[in-house]
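These protein sequence lines are chains A and B, in that order.
The working numbering applies: residue 2 is where the first sequence begins, and numbers increase by one.
The working numbering applies: residue 220 is where the second sequence begins, and numbers increase by one.
Contents: one structure, followed by commentary.
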Amino acid sequence: MTRSMSVIRTTTWVTALSVALIAGGTSIAFAQLRPPEIRDLRGAPFPSMNPPPDVRSHGEGPSWDGKPPDGVQPLAVDLFNTKDFYKDRALWMDKRYWRCNAPRQVADMRSGGAGSSTNDPRIGSTPPTSARWGDCTMDWPRENIVSPYPFKSAKDHYEALLADAKSRGGPTRHTYDTMPRWDGVYGEYAPNGRRVWNYSRANQVPTMLSLLTPEYQQRMVRQIYHEGVNAAHQWSASYCWPEGFMRQWATGPKPSRIVVTPEVVLLMGSGSGDMNRVVHLGRQFPLGQDVPQWYGDTIGFWDGDALITMTANIQGWNQHSSWEWSDQLETVEIFTPVRDAAGKFIGLDWESVLYDPEALAQPVRILWHRNYQQGWGTADRLGFVECTRPLYPIEGFATQVAPGQVIEYKVPDMLDRPWAKIWEEHFEKDMQRPKEELDLGFK
Amino acid sequence: MATKDVVATTRRAMAIIVGLALVALVAPQADAHHSYAMYDGTVYRVFTGVIVRVVPNAAHFEMHFVPLNEDRTALVRDGKGEPLVWVAQMESAPQAFKDGITRESFPRGTVFSMGIHPRRDGKPAGDRGESGLFQCPMGTKPEPGKHCDSVTGHKAFGAGQLPKDTPVPTAPRS
């Protein structure tokens, strides 16, 4: 009898604890990535789950080398058997051209690791034609990526947000006593390993390409081709090149630290490089001389406890396994604090709307969450990376070079897409690449 | 007597040292980020060329350009027929901006003239030194053998004139 009561008590406790944990978990999960919506301005809900799952490999192991999924008719010419991807433009928007792999899956086939979501090299035993297929049924809908807001420029969007704040008596002028206490260390919220779409793991390639203008489609195709087919990854950190603005939403240096003052908000991080962004509160552009900045110039204001910013003057650059952006890239970003059921601050929802009329066919949006981990007072130091170059391009491949070794090195033009020049010189001699003449107005 | 000489000499030496130290302290900062030893400061080469791009975020402001030929009708090209790009190191970026040299004022295709101290090894790069910088009005170019300072409506950026081309020494006959 006593034993039975004990079992009942234990069972009751376990059940209650489970319910509490589930309820708590649900509460937290519900709190994140659902910033308050102000219609047509910010916080628009996503049509489907955000962040999205990665595209899976269709099959693992040598028996899947080059083998399409049942019911899928492969193309006669695709990325892995073409002689000239430039000629295949008509096929680029067919996911079978990519064997249904996401961009990063293609890059990972040859990046030295086993490859995304698998425990064996997905390029197969006879590269590149043996490249394996991804799951053709997986793709994150394009509607989740394109901006749900009606604006054509970041400036218009920012001014509308400012006008909205003014209509409610804002913008808020915080003092040291009233300002949000966001100072501290943040991590990436990745429920079940899901990450934002800019990691290039959640979409079929054609969906990503559909976001881009024709010239930038070609640039992305070129990059995926040389990464997946030639294993000629020109990743910025390999050469101590700057990582660039968009890499903070992928595997580049993340905004992992925040400092808030009444005049500025600092977003900082360190990893494969350093990122330092300064939100200048209450300011107007320009913030300084007209020199493009790797992380742009940022102005902002408080709308209650939400921080609303605009970033311009960004250096155009490249993110590997994904899309290039131009000097015209500008963003509107909204940071909204998230609290658990008990009112405890657990992090920031960070909504970014990207405007780049040169590279993007239409504005796009990223919503991710940075989960608060701890204060500066208990965290490890924030490192600062002075990159010491690990690799050099040898015959077009990023290659480790030992001290004392003498190599031939062609100095890149850093502001003329140096990655593309390497591919052109070493891997495209027999291709019919659209001519890119240096047009200076003289013969 | 010998002691007096030693004391006097020591005082003079100390005065010189203190004087030099004071000069060093009050002299303007050169604001250099590297040695200029690579450039031949005794030589000026004067170019009229076409802007490929300006690079405002280098340690020193840079201009990348392709020289025009003497007729001012065509780009100078390398052995492979590609436009031969020269890099001119300028003053600091803040000084360049102060002189009105920006991405907007020097877009691709701008024709301009400037003298540079070339690299000693003959490679296509140099330092502006004290040379003036003149821009041809958009859509114009100088007459053959002349520079933008000869074109009506030209614009100067910063102080200085175009230097004279340093004569190339004639190789001695053997």
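Note that the Cβ used here is the ideal one computed from N, Cα and C, for glycine as well.
Sequence-distant residues of the same chain with beta carbon closer than 6 Å to residue i, five excluded per side
| i | result |
| --- | --- |
| Gly274 of chain A | Glu244, Pro254, Val386 |
| Ala378 of chain B | none |
| Cys241 of chain A | Cys388, Arg390 |
| Glu359 of chain A | Ser327, Gln329 |
| Ser237 of chain A | Glu244 |
| Pro129 of chain A | Phe81, Val230 |
| Trp452 of chain A | It is not possible to answer for residue 452 of chain A, since the shown part of chain A is limited to 2 through 444. |
| Pro149 of chain A | Ala45 |
| Arg48 of chain A | It is Pro, not Arg, that sits at residue 48 of chain A in the sequence shown. The answer, listed in chain order, is Glu144, Asn145. |
Per DSSP, cross-strand counterpart(s) of residue i
| i | result |
| --- | --- |
| Gly345 of chain B | B:Ala307, B:Pro337 |
| Phe286 of chain A | DSSP output for Phe286 of chain A lists no bridge partner at all. |
| His366 of chain B | None, per the DSSP bridge assignment. |
| Trp351 of chain A | A:Phe336, A:Trp369 |
| Asn277 of chain A | A:Met269 |
| Glu38 of chain A | Glu38 of chain A pairs with nothing; no bridge assigned. |
| Glu1 of chain A | Because chain A spans 2 through 444 in this model, residue 1 of chain A falls outside it and cannot be assessed. |
| Met311 of chain A | A:Ile300, A:Val333 |
| Val260 of chain A | A:Leu267 |
| Lys374 of chain B | B:Gln354 |
| Arg100 of chain A | According to DSSP, which records beta bridges pairwise, Arg100 of chain A is partnered with nothing at all. |
| Arg43 of chain A | A:Ile39 |
| Phe346 of chain A | A:Arg340 |
| Leu213 of chain A | A:Leu361 |
Residues near residue i in its chain [Cβ-Cβ closer than 8 Å; skip 5 each side]
| i | result |
| --- | --- |
| Ala293 of chain B | Leu287 |
| Pro435 of chain A | Tyr87, Gln219 |
| Ala30 of chain A | At Ala30 of chain A, the pLDDT of 42 sits below 50, so the modelled position is not reliable and the matter cannot be decided from this model. |
| Arg340 of chain A | Ala32, Phe346, Ile347 |
| Leu381 of chain B | Val265, Ser332, Met333, Gly334, Ser350, Gly351, Phe353, His366, Asp368 |
| Gln74 of chain A | Arg97 |
| Ala24 of chain A | Low local confidence applies: a pLDDT of 38 at Ala24 of chain A is under 50, so the model's placement there is unreliable, with the coordinate-based value given in what follows. The answer is none, since no qualifying residue turns up. |
Contact list for residue i against chain A, beta-carbon separation under 7 Å
| i | result |
| --- | --- |
| Phe316 of chain B | Gln290 |
| Thr321 of chain B | Asp291 |
Neighbourhood of residue i by C-beta, 7 Å cutoff - its chain only, sequence neighbours within 5 removed
| i | result |
| --- | --- |
| Leu241 of chain B | Below a pLDDT of 50, predicted positions are generally treated as unreliable, and Leu241 of chain B, at 42, falls in that range; the measurement from the model is reported next regardless. If we look at Leu241 of chain B and ignore the five residues flanking it on each side, it has no Cβ neighbours. |
| Phe286 of chain A | Asp298, Ile300, Ala313 |
| Ala246 of chain B | In this prediction, Ala246 of chain B has a pLDDT of 39, which is less than 50 and means its spatial position is unreliable; what the coordinates show is noted afterwards. Nothing meets the Cβ criterion. |
| Asp318 of chain B | Phe376, Gly377 |
| Pro419 of chain A | Pro413 |
| Ser112 of chain A | His234 |
| Thr27 of chain A | With a pLDDT of only 34 at Thr27 of chain A, under the threshold of 50, the placement of this residue in the model should not be trusted, and no figure is reported. |
| Ala17 of chain A | For Ala17 of chain A, the predicted model reports a pLDDT of 44, less than 50, meaning its position is unreliable; a value from the coordinates is still stated below. No residues qualify anywhere along the chain. |
| Arg105 of chain A | Ser117, Tyr200, Ser201, Arg202, Ser322 |
| Pro293 of chain A | Asn314, Ile315, Gln316, Asp328 |
| Thr173 of chain A | Trp303, Asp304, Gly305 |
| Asp440 of chain A | none |
| Tyr296 of chain A | Phe246, Met276, Asn277, Arg278 |
| His373 of chain B | Phe353, Gln354, Cys355, Pro356, Cys367 |
| Gln314 of chain B | none |
Interface residues of chain B facing residue i [CB-CB closer than 7 Å]
| i | result |
| --- | --- |
| Gly376 of chain A | Simply none; closest approach about 34 Å. |
| Leu268 of chain A | What Leu268 of chain A touches in chain B: nothing, since even the nearest Cβ is about 20 Å away. |
9 Å Cβ cut-off: residues of chain A touching residue i
| i | result |
| --- | --- |
| Leu287 of chain B | Phe443 |
| Ala312 of chain B | Gln290, Val292 |
| Arg272 of chain B | Asp414, Leu416, Asp417 |
| Val265 of chain B | What Val265 of chain B touches in chain A: nothing, since even the nearest Cβ is about 18 Å away. |
| Pro275 of chain B | Gln290, Asp291, Val292, Pro293 |
| Leu294 of chain B | Leu439, Leu441, Phe443, Lys444 |
Cross-chain neighbours of residue i in chain A, by beta carbon under 8 Å
| i | result |
| --- | --- |
| Pro302 of chain B | Leu439, Leu441 |
| Arg339 of chain B | Result: empty, since nearest Cβ-Cβ is about 18 Å, beyond 8 Å. |
| Glu362 of chain B | Result: empty, since nearest Cβ-Cβ is about 15 Å, beyond 8 Å. |
| Gly328 of chain B | Asp440, Leu441, Gly442 |
| Val269 of chain B | Leu441, Gly442, Phe443 |
Where residue i meets chain E, residues with beta-carbon distance less than 7 Å
| i | result |
| --- | --- |
| Pro356 of chain B | The chain labelled as chain E is not found among the protein chains of the depicted structure, namely A and B. |
Residue i beta carbon near the ligand FAD (any heavy atom closer than 7 Å)
| i | result |
| --- | --- |
| Val260 of chain A | The ligand content of the structure shown is nil, which means the ligand FAD is not present either. |
Unbroken alpha helix (DSSP H) runs of length 4 or more, entirely within the region 131-211 of chain A: which are they? Runs found: 155-168, 206-210.
Hey, is the region 137-146 of chain A in contact with the region 350-359 of chain A, meaning 3+ C-beta pairs nearer than 8 Å? no
Would you call the region 218-234 of chain A and the region 397-406 of chain A in contact, with 3 or more CB pairs under 8 Å? yes
Cβ pair count under 8 Å reaching 3, the region 184-200 of chain A against the region 361-377 of chain A: Touching, yes.
Can at least three beta-carbon pairs, one atom from the region 42-58 of chain A and one from the region 195-206 of chain A, be found at a separation below 8 Å? Yes: the two stretches touch, three or more of their Cβ pairs being nearer than 8 Å.
For the region 314-333 of chain A and the region 246-253 of chain A, state whether three or more C-beta atom pairs, one from each stretch, are separated by less than 8 Å. Pairwise C-beta distances place the region 314-333 of chain A in contact with the region 246-253 of chain A, as three or more of them are shorter than 8 Å.
Runs of beta strand (DSSP E) wholly within the region 261-330 of chain B (minimum 3 residues, chain order): 264-274, 281-286, 305-308
Residue ranges of each alpha helix (DSSP H) within the region 354-442 of chain A, 4 or longer: Within the region 354-442 of chain A, the complete alpha helix (DSSP H) segments of 4 residues or longer fall at 419-428, listed in chain order.
Evaluate contact between the region 38-47 of chain A and the region 154-172 of chain A, counting only Cβ atoms and requiring at least three cross-stretch pairs below 8 Å. yes
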